[in-house]
Amino acid sequence: MTFLVLVILLISIFFFVKQSKEDRLESLGDHVVSNFRAGLAYEMADLLSFSLALSEDGELKNALISEDEAKGYSILSKITKRFKKYTHLKSLRLQVLSPDFFIFARSWNEGFEGMPIWWFRDDLKTLKRSKQPKVGMEIGRLLTFKATIPIRSGGKLLGYLEVIKFVDEFAAKLHKKGIELFALMDECYLKQAELMRDFPLLHEHVIVNQNFNQQLKNKIEKIDWNTLLTKSYVYKNDRLYLLEPMYNGEGEKIGVYLITLSSEALKRYEKANQSVSFFTQFSDADIEQVVASWEHPYGSFRSGYDKDLIGLLPKLNKEDKIELESEAKEILGEYSKDELIDIILSNEHNEKKIGAIE
73 MTFLVLVILL ISIFFFVKQS KEDRLESLGD HVVSNFRAGL AYEMADLLSF
123 SLALSEDGEL KNALISEDEA KGYSILSKIT KRFKKYTHLK SLRLQVLSPD
173 FFIFARSWNE GFEGMPIWWF RDDLKTLKRS KQPKVGMEIG RLLTFKATIP
223 IRSGGKLLGY LEVIKFVDEF AAKLHKKGIE LFALMDECYL KQAELMRDFP
273 LLHEHVIVNQ NFNQQLKNKI EKIDWNTLLT KSYVYKNDRL YLLEPMYNGE
323 GEKIGVYLIT LSSEALKRYE KANQSVSFFT QFSDADIEQV VASWEHPYGS
373 FRSGYDKDLI GLLPKLNKED KIELESEAKE ILGEYSKDEL IDIILSNEHN
423 EKKIGAIE
């Protein structure tokens, strides 16, 4: 009887420990996925805010009005060079489309002017109806983050500015935190995304980000994929694998994000302050504020471009400021006294300022 009781007790302890581990992994997985969604939302908000700013560029509007495609290319290529040098947007691509979705200019190459893109870009159908800014993971020749913004002069629609960013940049940000990302597009979309036909496959999905970990890919190929699809997480060989659906701007499922963390990364994550996003290092309140700023991106400035340029200056080294400082002075010189006061008052100050504004 004593032996039987001990056996039952040991079995109970074993199942209790196993269940506790399962509950812990499930809880950790839920929180990781929640933070991943927040990080993804931040990427979208950041891209949309940047796009709204660039769509107000006066030179770009003039190039569209005068139908000067060469000037359009020159403007876009200069903008990308500047922002790649001074900001975190290293994989930035810009293109301008006509109101009928023909290419007007691209930042990364010339020679595609007048080419239609509506036939392989299903997401543009909604834009044609609504003519409102949109952002999302969209399938073209490649699968990328895309923000598409109408360019207007008064009430007239001149065209659309499209800001494009590769998933690789987001994956690199996660890698620094010990997290590996595989952005996986359903294989059925290869007919549309023809530039991805030579991309590697993983469980009938195309690996979108090309900076993936090859050794991990070999391990993932041995995982029971059906179990992962059913449970949304699998823990194997001291590594947690998580699945999160990938949606386009229309809310259609086009693939999955496979997120994987080592046991060491999981321990660091568990100890971290859980009110701070593990992916962006911004608090939940920060992220909510950025997402809310979609509706009012300019604040007291006339355009988002003015706001971003002025905000960028304090972050630069002295030798890098010279050219942008001159442009900032020229921009602010066109503001009225009341507008400048509004800009000053919209910033938070820790000390009381005394004096007159001249």
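For the sequence shown, the tail end lands on 430 under my numbering, and the numbers increase by one without skipping.
Even for Gly, the Cβ is constructed at its ideal location relative to N, Cα and C.
Identity of the residues DSSP links to residue i by a beta bridge
| i | result |
| --- | --- |
| proline 222 | Tyr232 |
| glycine 208 | Lys218 |
| leucine 301 | Answer is none; leucine 301 lacks a bridge partner. |
| methionine 318 | Gly327 |
| phenylalanine 174 | Pro188 |
| isoleucine 279 | Leu256 |
| leucine 274 | His277 |
| tyrosine 307 | Leu312 |
Distance CB(residue i)-CB(residue j) smaller than 8 angstroms
| i | j | result |
| --- | --- | --- |
| leucine 136 | glycine 208 | no |
| serine 163 | lysine 248 | no |
| threonine 152 | leucine 166 | yes |
| leucine 199 | lysine 206 | yes |
| glycine 119 | valine 278 | Correcting the residue identity first, residue 119 is leucine in this sequence and not glycine. It is not a contact, given that the beta carbons lie outside the stated cut-off. |
| leucine 233 | serine 127 | yes |
| alanine 265 | isoleucine 211 | yes |
| tyrosine 319 | valine 104 | no |
| valine 280 | isoleucine 295 | no |
| leucine 330 | leucine 256 | yes |
| leucine 300 | leucine 288 | no |
| methionine 258 | isoleucine 326 | The sequence as given places aspartate at residue 258; methionine does not occur at that position. Cβ distance < 8 angstroms, so aspartate 258 and isoleucine 326 count as in contact. |
| serine 375 | alanine 219 | no |
| glutamate 141 | glutamate 185 | yes |
| leucine 384 | isoleucine 403 | no |
| alanine 244 | asparagine 283 | yes |
| proline 317 | leucine 229 | no |
| isoleucine 415 | phenylalanine 373 | yes |
| serine 123 | isoleucine 223 | no |
| glutamate 293 | leucine 274 | yes |
Boundaries (first-last residue) of the alpha helix (DSSP H) holding residue i
| i | result |
| --- | --- |
| aspartate 240 | 239-247 |
| glutamate 131 | 130-137 |
| alanine 142 | 141-158 |
| glutamine 287 | 286-292 |
| lysine 200 | 196-202 |
Exposure of residue i, with buried meaning 16 or more beta-carbon neighbours within 10 Å
| i | result |
| --- | --- |
| glutamine 204 | exposed |
| isoleucine 413 | exposed |
| aspartate 310 | exposed |
| serine 179 | buried |
| histidine 368 | The predicted model places histidine 368 with a pLDDT of 48, which falls under 50 and marks its position as unreliable; any figure quoted below should be read in that light. So histidine 368 counts as exposed. |
| threonine 74 | exposed |
| serine 398 | exposed |
| threonine 302 | exposed |
| aspartate 240 | buried |
| serine 121 | buried |
| lysine 379 | buried |
| asparagine 107 | buried |
| threonine 159 | exposed |
| glutamate 115 | buried |
| glycine 144 | buried |
| methionine 187 | exposed |
| glycine 101 | buried |
| leucine 76 | exposed |
| arginine 201 | exposed |
| glycine 130 | exposed |
| glycine 323 | exposed |
| glycine 226 | exposed |
Residue i - containing beta strand (DSSP E), residue span
| i | result |
| --- | --- |
| lysine 325 | 325-334 |
| phenylalanine 254 | 251-258 |
| glutamine 167 | 165-169 |
Any chain D beta carbon closer than 8 angstroms to residue i
| i | result |
| --- | --- |
| glutamate 259 | In summary, chain D is missing from the structure at hand, where a single protein chain is found. |
Please confirm if the segment 323-335 is in contact with the segment 243-256, defined as three or more CB-CB distances below 8 angstroms between the two stretches. yes
Pairing CB atoms from the segment 164-180 with CB atoms from the segment 268-285, are three or more of them under 8 angstroms? no
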